[in-house]
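Right, one structure below, let's go through it.
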Amino acid sequence: MNNLVWNNWLALLEQSFRVFCVELPGHGNSEYNEPWQMSDLLEMMAAQLPQQCSFLGWSLGGLVALAYANHFPKRVNRLVMLASTPKFVQSADWQPAQSKAVFDVFSSHLKRKPLPTMKRFVKLQTGGGEPSQTIERFLKSVLQVRSETSTKGLISGLDILSQADYRLALKKLNCPTMLLLGEKDQLVPVEVADEFVQINPRVAVCVIEGATHVPFLSHPNEVSQELVRFMSAGDREL
29 MNNLVWNNWL ALLEQSFRVF CVELPGHGNS EYNEPWQMSD LLEMMAAQLP
79 QQCSFLGWSL GGLVALAYAN HFPKRVNRLV MLASTPKFVQ SADWQPAQSK
129 AVFDVFSSHL KRKPLPTMKR FVKLQTGGGE PSQTIERFLK SVLQVRSETS
179 TKGLISGLDI LSQADYRLAL KKLNCPTMLL LGEKDQLVPV EVADEFVQIN
229 PRVAVCVIEG ATHVPFLSHP NEVSQELVRF MSAGDREL
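Mapping of the sequence shown onto the working numbering: position 101 corresponds to residue 129, and the numbering continues sequentially without gaps.
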């Protein structure tokens, strides 16, 4: 997804925060030249963002935000991981995630048949919760922006997700952190909350009832209220 996904929600956020949107490589208007590495992305972000701010990261963006907080701990005031997890793929010691077999099949299909696979991806993000054809149509329109570049960016992002394990980074976090989940998310199951708290008991957990992988689209007011409540003790840059 690219930054257009925030458009409908941005007006609500800007009532309470000064907002900076980071575009991942190969998403939206962000250029894509070669598969990106997390370390390169973090350095690019550090050069563009304020010396200190709070972070909200959705899905893959949550993983990036966690990595940034680990790499630049003095620059992150507060962290919100929205429908995100430190490890997206299952392993013997990490079960609340996507199975490796399912993940590998999805990645393979995306490379061979990008358009139908991306449509399936949209259904996964909205499936299981309160039905909304409007949200599904909106997400499909976002994916169509520079679709060829977006596909390459998504493939690169999936490659990152297949290997990423930031549980140690989560354990080391000192900044106030909130995990915000959709109750019926099919990509990041709500059961991951228990694992979060076991790794770092200081993490606050909020579950949006009836929401899926895109709670900021289906439940914008509820998510905004939780953000304001969490951020109220810190600065107002997000």
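Beta carbons: idealized from backbone N, C-alpha and C, even for Gly.
Bear in mind that the values here come from a model prediction, so they are computed numbers and not experimental data.
query                                                                                                        : result
Counted within 10 angstroms of its Cβ, other Cβ atoms place V117 as buried (16 or more) or exposed           : buried
Beta-carbon gap between Y96 and L70 smaller than 8 Å                                                         : yes
Alpha helix (DSSP H) segment containing G89, residue limits                                                  : 88–99
Nearest candidate by alpha-carbon position, reference N249, set A129, Q43, N31                               : Q43
Burial state of L130, where buried means 16 or more other Cβ atoms lie within 10 Å                           : The question names Leu, yet the displayed sequence has Val at residue 130. With fewer than 16 Cβ atoms within 10 Å of its Cβ, V130 is classed as exposed.
Bridge-paired residues (DSSP) for M206                                                                       : V108, A232
Which of helix, strand or coil DSSP assigns to L84                                                           : strand
For S252, the three-state DSSP class (helix, strand or coil)                                                 : helix
Bridge-paired residues (DSSP) for S119                                                                       : W122
Residues near M73 by beta carbon distance below 7 Å, same chain, minus five either side                      : V50, Y96
F258 classed as buried or exposed, judged by whether at least 16 other C-beta atoms fall within 10 angstroms : buried
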